[in-house]
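Enquirer: Shown below is the structure under consideration.
There are 2 protein chains.
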Amino acid sequence: MSEKELYDKLKIVVKEKALKYTKQRELILGTIYNSKIHLNAEQIHKKLTISNKDDQVGIATVYRNLLFLEETGLVLSISLDNSLKRYEINRHKHHDHLVCIHCGKIVEFINQNIEKEQEIIAKKHNFKLLSHTMHLYGECKACSKIDRV
Amino acid sequence: MSEKELYDKLKIVVKEKALKYTKQRELILGTIYNSKIHLNAEQIHKKLTISNKDDQVGIATVYRNLLFLEETGLVLSISLDNSLKRYEINRHKHHDHLVCIHCGKIVEFINQNIEKEQEIIAKKHNFKLLSHTMHLYGECKACSKIDRV
DNA sequence: ATCGATGCAAAAGTTTTGCATATAC
DNA sequence: GTATATGCAAAACTTTTGCATCGAT
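Chains as they are written, first to last, in this note's numbering: chain G, 1 to 149; chain V, 1001 to 1149.
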């Protein structure tokens, strides 16, 4: 999905709800889209503060729009152990996360065997499975080469 | 593991580190042990405030000891989506969590097929797997019977 | 012109820290 | 007696909210 396609989606969502398409909304969504890493609220705000000297975005607006974007399904959040919520664009391809505990690198993956097992587990315990999160924590190749105390 | 065995473990850990065995440490650990549900810091503090009218435990002491107990491996914490860290006694039986999104009920489970797949995934991406969390969110049997708007 | 969105600052909620005192050893 | 642990209050950090104003429609 291109950046423009994403903004078009936002425009549709906003119109459907009879809300307004603002520069700030677009900037926040664009910041998430253009980041190689999963940013948290404060990091998004900082990026905007640096890149948009002229047109400042308040931290409250960032929080309000992150809630909004998550509600609409345009973005997803992940809560890793010991860190704040981080945000990613919802590409509607479900995936789980493999995280390097040293450098924070995140690899997205999906495994159908695990997805199937999860359904079986839920069924066994009489739960209707609605969603799940799976986070694998480890040491990536690059970080394994660095000596640590 | 009985409550007494748990306190004995705490005594050993404390002695090893040349630290002190205090009533507060025991009370906090005991509160986690005796709770049927996974409590967060504030809930632990509240329980102690109610049950120990005579011998009050400060919230700072709760936080300091939760960190300490986690460091020593006596307790584990879980970070569920949209909620504060919750604590459980470390029974050294690794497990994952199935959570009811309505009532908060938590079922612990372990599935060897998934554990194996996780290793394979990490290897494929050149990660050394160190730990993981898996949280399945759903609706438990009891809650499925309640009409919701 | 209207009503939602924004920025600011204040408030709320959660966790950490400094310091004097208490207490385990 | 000594050093760690505690309680309290203050501070730090993260997120939410109230309100006047701005701006999209």
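Where a beta carbon is used, it is the ideal one built from N, C-alpha and C, also for glycine.
Going by other Cβ atoms of all chains shown within 10 Å of its Cβ, with 16 needed for buried, is ASN65(G) buried or exposed?
Expert: Position 65 of the first sequence, counted from the start, is the residue given in the question as residue 65(G). Result: buried.
Enquirer: Would you tell me roughly how many angstroms separate the C-alpha atoms of LEU29(G) and GLU115(G), rounded to the nearest one?
Expert: For the purposes of this step, residue 29(G) is taken as the residue at position 29 of the first sequence. For the purposes of this step, residue 115(G) is taken as the residue at position 115 of the first sequence. Computed Cα separation, rounded: 29 Å.
Enquirer: Which two residues bound the contiguous alpha helix (DSSP H) that contains PHE1127(V)?
Expert: Along the second sequence, one-based indexing puts residue 1127(V) at 127. It is not in any alpha helix (DSSP H) - PHE1127(V) carries neither H nor E in the DSSP assignment.
Enquirer: What do you reckon, is the C-beta of LEU1069(V) under 7 Å from a heavy atom of the ligand MN?
Expert: The ligand MN is not part of the structure shown, which contains no ligands of any sort.
Enquirer: CYS1103(V) touches chain G at which residues, Cβ-Cβ below 8 Å?
Expert: For this step, residue 1103(V) is matched to residue 103 along the second sequence. Going along chain G, no residue has its Cβ under 8 Å from CYS1103(V), so there is no contact; the nearest lies around 11 Å.
Enquirer: Is the region 94-101 of chain G touching the region 50-63 of chain G in the sense that three or more CB pairs, one from each, lie closer than 8 Å?
Expert: Cβ pair count under 8 Å is below three, so no.
Enquirer: With a threshold of 8 Å between beta carbons, is GLU117(G) in contact with chain V?
Expert: In the first sequence, the residue the question calls residue 117(G) occupies position 117. So, interface residue.
Enquirer: For GLN1118(V), count the other beta carbons within 10 Å of its own beta carbon; 16 or more makes it buried, fewer makes it exposed. Which is it?
Expert: Taking the second sequence and counting its residues from 1, the one referred to as residue 1118(V) is at position 118. GLN1118(V) is buried by the Cβ-count criterion.
Enquirer: For ARG25(G), count neighbouring C-beta atoms within 10 Å of its own C-beta (all shown protein chains included) and say buried if the count is 16 or more, exposed if not.
Expert: Mapped onto the first sequence, residue 25(G) falls at position 25. With 16 or more Cβ atoms within 10 Å of its Cβ, ARG25(G) is classed as buried.
Enquirer: Spell out whether any CB of chain G is found under 8 Å from the CB atom of LEU1129(V).
Expert: For this step, residue 1129(V) is matched to residue 129 along the second sequence. By this cut-off, LEU1129(V) is an interface position.
Enquirer: Hey, SER1079(V) and ASP81(G) are a contact pair by Cβ (cut 8 Å); roughly how many whole angstroms apart?
Expert: For the purposes of this step, residue 1079(V) is taken as residue 79 along the second sequence, with counting starting at 1. For the purposes of this step, residue 81(G) is taken as residue 81 along the first sequence, with counting starting at 1. Their Cβ separation, rounded to whole angstroms, is 6 Å, which keeps SER1079(V) and ASP81(G) in contact under 8 Å.
Enquirer: Chain V partners of ALA41(G), CB-CB under 9 Å?
Expert: For the purposes of this step, residue 41(G) is taken as the residue at position 41 of the first sequence. Going along chain V, no residue has its Cβ under 9 Å from ALA41(G), so there is no contact; the nearest lies around 14 Å.
Enquirer: Looking only at its chain, what residues have a beta carbon closer than 6 Å to the beta carbon of VAL13(G), apart from the 5 residues adjacent to it on each side?
Expert: Here residue 13(G) corresponds to residue number 13 of the first sequence, with the count starting at 1. Cβ within range, chain order: THR72.
Enquirer: At what residue ranges does the region 49-134 of chain G contain a whole run of the alpha helix (DSSP H), taking only runs of 4 or more?
Expert: Complete alpha helix (DSSP H) runs here, min 4: 59-72 and 112-124.
Enquirer: Counting along the chain, where does the alpha helix (DSSP H) carrying ILE28(G) start and finish?
Expert: The count along the first sequence starts at 1 and reaches residue 28(G) at position 28. 23-34 is the extent of the alpha helix (DSSP H) around ILE28(G).
Enquirer: Please list, in chain order, the chain V residues whose beta carbon lies closer than 9 Å to that of PHE68(G).
Expert: Translated into the one-based positions of the first sequence, residue 68(G) becomes position 68. Residues of chain V passing the Cβ test: none, with the nearest at roughly 16 Å.
Enquirer: For ASN126(G), go through chain V and note every residue whose CB falls closer than 8 Å to its CB, in chain order.
Expert: Within the first sequence, the letter at position 126 stands for residue 126(G). Those are CYS1140 and LYS1141, listed as they occur along chain V.
Enquirer: Using a Cβ-Cβ cut-off of 7 Å (strictly less than) and excluding sequence neighbours within five positions of VAL1062(V), which residues of its own chain qualify?
Expert: Along the second sequence, read from residue 1 onward, the residue named residue 1062(V) stands at position 62. These residues qualify, in order along the chain: ILE1028, ALA1041, ILE1044 and HIS1045.
Enquirer: Under 8 Å, with one C-beta from each stretch per pair, do the region 1134-1144 of chain V and the region 1084-1093 of chain V reach the 3-pair mark?
Expert: Segments in contact, no.
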